[in-house]
Structures are given as structure tokens and as C-alpha cells.
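For the protein sequence lines, the chains are A and B, in the order given.
Here the first sequence is numbered in numbering that gives the first Met the number 0, starting from 0 and rising by one per residue.
Here the second sequence is numbered in numbering that gives the first Met the number 0, starting from 0 and rising by one per residue.
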Amino acid sequence: MRHTLTTPRPGGAGVGFRIGLDVASVDDVRAALQRWGDRYLSRVYTAAEIEDCRRDEGLAAERLAARFAAKEAVVKVLRPRRDDPLPWTAIAVHRVAEGAPEARLSGAAAQLAQRDGVQSVEISLTHEGAIAAAVALATFADPTGGAA
Amino acid sequence: MNDRIRRLVIEHARLAIAPADLHDDSDLYACGMTSHASVTLMLAVEEDLDLEFPDRLLTREVFSSIASIATAADGLRAVAGP
């Protein structure tokens with residue numbers, strides 16, 4: 000059996016998609032957390048995300064950094080224009096069954112996804128030492144990937 | 000306003016260029032500012048100027064240069080009044 004994924008090309012066939020990749024420095028996130036505290040948290044992360052990152056000894060900077068990378072990876076697949084407002088909290092990472100991450104879009108992010116005909120956004124995140132990283136994959140029914 | 004923003008940019012944006020090479024209209028992202036650094040820059044501007052950027056101003060355009068940040072901040076201060 001042969002499986003084929005079709006890249007987004009005008010006039011092409013199949014499912015269109017975009018991918019986004021981003022990395023974040025765990026140390027930068029830890030420094031921001033120490034310097035700005037709740038103001039930093041509330042401007043970037045949802046209450047549920049903060050709760051997901053809470054540990055006995057406080058907030059896990061590497062988990063926050065992975066979520067920040069995921070938000071930016073999703074931004075890359077949403078491709079906002081330079082003047083499109085996009086608060087960081089409009090893209091949230093949630094853990095669903097068996098720990099798999101899920102991107103939840105609201106407000107401006109949901110509107111951007113709708114504008115381009117995004118059908119789904121899948122994410123994967125990781126952290127190792129000082130670096131956190133995430134990749135996002137957006138799928139479109141339109142095989143141009145919303146490029147038109 | 001621009002000088003005040005410039006000081007905050009130099010302190011928080013973690014640019015890959017020398018401050019002497021930073022102009023009011025320099026593209027901060029092109030100069031090495033990461034997305035995360037744009038968050039800390041925003042928080043620093045808000046603290047320094049005692050204002051808060053509303054969601055409608057959270058655009059790449061607003062945080063792309065000293066001049067654009069200053070314009071946005073001036074607008075917010077004008078609305079807030081003395």
C-alpha cells in the first residue's frame with residue numbers, strides 16, 4: 000500500500016498542510032518568571048496551562064518553555080499578518096488522554112484559523128536541558144493550504 | 000519617548016547588533032529579537048510607562064521597531080490622559 004501526503008500547491012489534490020517549528024530557552028522563561036512573576040504568566044499562559052506546569056517546588060520552567068514554543072509553532076502555521084492582533088493566551092496547550100498535547104485556539108487565533116480554512120492543528124513538544132521545542136501541523140481541506 | 004523605548008529595547012530585546020547600530024526604525028525581529036524577548040520587552044515597557052497594551056495592539060507590527068512601540072505607547076498615554 001502506498002501512502003501519499005500532498006504538499007499545499009494551488010490546483011493540487013489531497014489535503015493541504017502547513018508545519019511550524021519553534022524553540023524556546025528554558026533559562027529565558029525562568030528569568031522572565033522570576034523577574035515578572037504573575038504578570039508574565041497571565042499575559043502568556045492560560046490558567047489551565049499554568050496549572051499543568053505547577054509542581055510541588057513551584058512552576059516548571061521547562062514545561063512553560065515547551066508551551067511557549069508550541070504557541071509560536073502554531074503562530075507559524077496560522078501566519079498572521081503583521082497587523083493581526085494575536086495574544087499569546089489565544090493559543091493554549093492542554094494535555095488530553097495519556098498525556099498527549101492538544102492545541103486549543105480561541106479568540107483571535109480561532110479567527111485566523113477560520114479565515115484560512117484550518118481544519119485541525121496538531122502539536123508535539125519536548126524539552127531537554129536548556130532548550131524546549133515544539134512542532135505544529137495544520138491541515139486544510141483546501142489543498143492549497145489556504146494559500147489562495 | 001523614543002529614547003526611553005530605546006533604553007528598554009537595549010536592556011530587554013537581546014539584540015544581536017550593537018546599540019550604536021540600532022535606529023528608531025530598525026526591524027527588531029531582523030536584529031535578533033526572539034518572540035519570547037518581545038514578551039519581556041512588552042512587560043518592561045508597560046512597567047516603565049505604567050500602561051498596558053490591550054489585545055488589539057499585540058501585533059508583530061507594534062513590536063517591530065522602537066518607533067512603532069513609541070507610537071503605540073504614545074497613543075495609549077494620550078487616551079489615558081494626564
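Where a beta carbon is used, it is the ideal one built from N, C-alpha and C, also for glycine.
In this structure L50 of chain B does not touch G31 of chain B by the C-beta definition: roughly 26 Å separates them, more than the 8 Å allowed. In the three-state reduction of the DSSP assignment, T138 of chain A falls in the strand class.
The C-beta of E60 of chain B comes closer than 8 Å to at least one C-beta of chain A.
Partner residues in the beta bridge of D21 of chain A, as assigned by DSSP, are A:A133.
Of the other Cβ atoms in all chains shown, 16 or more fall within 10 Å of the Cβ of H126 of chain A; this residue is therefore buried. For the segment 43 to 71 of chain A, the set of residues with a beta-carbon nearer than 8 Å to any beta-carbon of chain B comprises V43, F67 and E71, in chain order. For R78 of chain A, the nearest beta carbon of chain B is not closer than 8 Å to its own beta carbon. Taking the CA atoms as reference points, S119 of chain A sits about 7 Å from F139 of chain A. Judged by DSSP secondary structure, H22 of chain B falls outside any alpha helix (DSSP H); it is assigned neither H nor E. Taking the C-beta atoms as reference points, A66 of chain B is found nearer than 8 Å to D24 of chain B. Of the candidates A:S123, A:V74 and A:V14, the residue whose Cα lies closest to the Cα of T58 of chain B is A:V74.
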